[in-house]
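Comments concern the structure below.
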Amino acid sequence: MTVDHNDITKVSKIILGGATLNTQYNDNPEEVPIVDMLRHAFTNGINAIDTSPYYGPSEIIFGQALHKLKSPDEDGLSFTRDQYYICTKVGRIKLEEFDYSPKAVRASVLRSCERLDTDYLDLVYLHDVEFVEFTKSMEALKELRKLKEEGVIRHFGLSGYPVKYLAFLCNECAKHPEIGPLDAVLSYCNYNIQNTTLEKYINSIRKDAKVKLLSNASILGMSLLRSQGIHSFHPASDELKAKCRQAAEYTHKHGVEIQDLANRYAMFNWHKYGPTVIGVSNVAELQDAIIDYQITEKDKLPENDIKLVKHIQEEILGTEHYNETWDSGIPHPELP
18 MTVDHNDITK VSKIILGGAT LNTQYNDNPE EVPIVDMLRH AFTNGINAID TSPYYGPSEI
78 IFGQALHKLK SPDEDGLSFT RDQYYICTKV GRIKLEEFDY SPKAVRASVL RSCERLDTDY
138 LDLVYLHDVE FVEFTKSMEA LKELRKLKEE GVIRHFGLSG YPVKYLAFLC NECAKHPEIG
198 PLDAVLSYCN YNIQNTTLEK YINSIRKDAK VKLLSNASIL GMSLLRSQGI HSFHPASDEL
258 KAKCRQAAEY THKHGVEIQD LANRYAMFNW HKYGPTVIGV SNVAELQDAI IDYQITEKDK
318 LPENDIKLVK HIQEEILGTE HYNETWDSGI PHPELP
């Protein structure tokens with residue numbers, strides 16, 4: 018089944034993320050069974066991938082896998098470029114290295130096309146805009162607009178963590194004659210069991226700034242909400258980490274792993290607004306996420322899920338840690 022590459026709103030409600038194809042999440046990302054994962058995703062209704070040059074070899078691994086999928090497997094199954102959307106990013110190079118110059122933005126886009134085995138990209142985000150000065154972001158977005166007009170990319174937008182700044186930048190773009198309303202925004206860690214801040218800004222981003230697609234990522238809070246433990250690099254406060262570990266222990270005692278609860282909660286509540294980007298490392302994790310998503314087709318979450326979430330948000334996190342955030346980026350004096 019083909020997709021409409023001119024309409025980014027037709028991406029599936031689950032997008033397969035590529036951050037896990039990186040040593041930050043997997044010691045040997047080349048060993049992640051990405052061909053099998055993509056085949057499973059594409060045959061189960063997922064029609065989009067999301068990656069970035071910042072995610073180490075992620076673009077290269079995805080590109081090699083997509084190239085292999087062009088050839089039929091033993092069952093005669095193959096997947097071609099007209100059957101999926103490719104989303105990637107520009108601007109962030111390393112942990113503390115950014116290049117938002119128009120020259121670098123263009124070079125990054127062309128390199129991504131080569132890595133991802135494609136002549137065009139469906140969606141390109143300006144990556145983690147809060148780390149770069151407002152004026153540099155605007156210049157980079159102008160270049161993305163030019164690339165869209167040239168047909169090298171079909172849609173463009175921005176990604177980042179502080180939702181207030183994302184909403185501000187979107188609205189500034191909408192008023193700018195050389196940029197105009199953005200096609201898409203990707204927010205992470207801002208709609209999950211621990212933090213639902215993104216919901217407060219939906220109207221500002223979608224209606225006021227006329228953004229077509231608002232996607233939600235890191236629904237496990239970048240590992241805050243998983244039974245396997247929290248990654249050592251996580252920037253959250255020690256107090257919040259402790260509360261999230263307590264929440265994981267609580268759900269486990271009640272026969273539920275917190276990552277499964279977190280998946281169901283976020284996808285169920287967010288799917289009416291837009292897609293969820295998920296990061297998984299094998300087919301089993303992907304299948305679990307697909308099963309969790311199927312809950313969204315029902316009228317409400319299972320009663321036990323509702324009780325567990327209520328206890329976590331009200332009794333464990335409480336007013337001090339529910340919607341608690343962490344510092345990310347540089348000061349932006351333009352922000353009202």
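One point on numbering: in the numbering used here, the residue at position 149 of the sequence shown is 166, and numbering is uninterrupted. Heads up, the beta-carbon is just placed ideally off N, CA and C, and yes, glycines get one too. What you are looking at is a predicted structure, and each value in this text was computed from that prediction instead of being measured.
What are the partner residues of residue i, as DSSP defines its beta bridges?
| i | result |
| --- | --- |
| V107 | L143 |
| S232 | L203 |
| I31 | T293 |
| I170 | L138 |
| E114 | K111 |
I'd like the list of long-range same chain contacts for residue i, defined as Cβ closer than 6 Å, with 5 residues on each side in sequence excluded.
| i | result |
| --- | --- |
| K153 | Y117 |
| I307 | N61 |
| G177 | D145, V146, E147 and L183 |
| L334 | K260 |
| K381 | Since the displayed the chain opens at 18 and closes at 353, residue 381 lies outside it and no answer follows. |
| L215 | V180, S204, N207 and Y208 |
Tell me whether residue i sits in a helix, a strand or coil according to DSSP, three-state version.
| i | result |
| --- | --- |
| A283 | helix |
| S75 | helix |
| N212 | coil |
| T293 | strand |
| A253 | coil |
| D67 | strand |
| G177 | strand |
| I247 | coil |
| Y102 | strand |
| F398 | Nothing about residue 398 can be reported from this structure: the residues present for the chain run from 18 to 353 only. |
| D305 | helix |
| M155 | helix |
| I347 | coil |
| V273 | coil |
| M18 | coil |
| I196 | coil |
| V300 | helix |
| Y310 | helix |
| Y267 | helix |
| D355 | Residue 355 is absent from the model: the chain starts at 18 and stops at 353. |
| Y218 | helix |
Using a Cβ-Cβ cut-off of 7 Å (strictly less than) and excluding sequence neighbours within five positions of residue i, which residues of its own chain qualify?
| i | result |
| --- | --- |
| F148 | F115, G346 and I347 |
| E76 | T68, P70, T105, S129, R132 and L133 |
| C206 | Y178, N212, S235, G238 and M239 |
| T40 | P46 and G73 |
| G291 | L230, L231, S232 and N233 |
| F285 | I312, T313 and L318 |
| E113 | none |
| A82 | I51, V52 and L55 |
| E195 | K159 and R162 |
Just to confirm my understanding: we take residue i, look at its own chain, exclude 5 residues before and 5 after, and list those with CB closer than 8 Å. What are they?
| i | result |
| --- | --- |
| L138 | I103, C104, T105, V126, S129, C130, V169, I170 and R171 |
| H328 | Y267 |
| H338 | Q211, E256, L257 and K260 |
| H57 | V300, L303 and Q304 |
| Q100 | M18, T19, V20, F59 and N64 |
Taking the C-alpha atoms as reference points, what is the distance between residue i and residue j?
| i | j | result |
| --- | --- | --- |
| T313 | P350 | 40 Å |
| Y142 | K270 | 40 Å |
| D24 | D322 | 35 Å |
| K27 | G80 | 22 Å |
| L242 | A265 | 7 Å |
| Q263 | G296 | 23 Å |
| G93 | K229 | 36 Å |
| F151 | L158 | 11 Å |
| G35 | K120 | 25 Å |
| K324 | Y282 | 12 Å |
| T135 | A279 | 34 Å |
| I31 | V202 | 15 Å |
| E320 | D309 | 15 Å |
| V122 | R109 | 10 Å |
| D316 | N209 | 19 Å |
Counting contacts by CB-CB distance shorter than 8 Å, is residue i in contact with chain B?
| i | result |
| --- | --- |
| S176 | Within the model displayed, chain B is absent; a lone protein chain is all it includes. |
Measuring only from the beta carbon, is residue i closer than 7 Å to any heavy atom that is part of the ligand PLP?
| i | result |
| --- | --- |
| L127 | The ligand PLP is not among the ligands present in this structure, which contains no ligands whatsoever. |
- Query: Is the region 272-281 in contact with the region 218-225, if contact means three or more CB pairs nearer than 8 Å?
  - Reply: no
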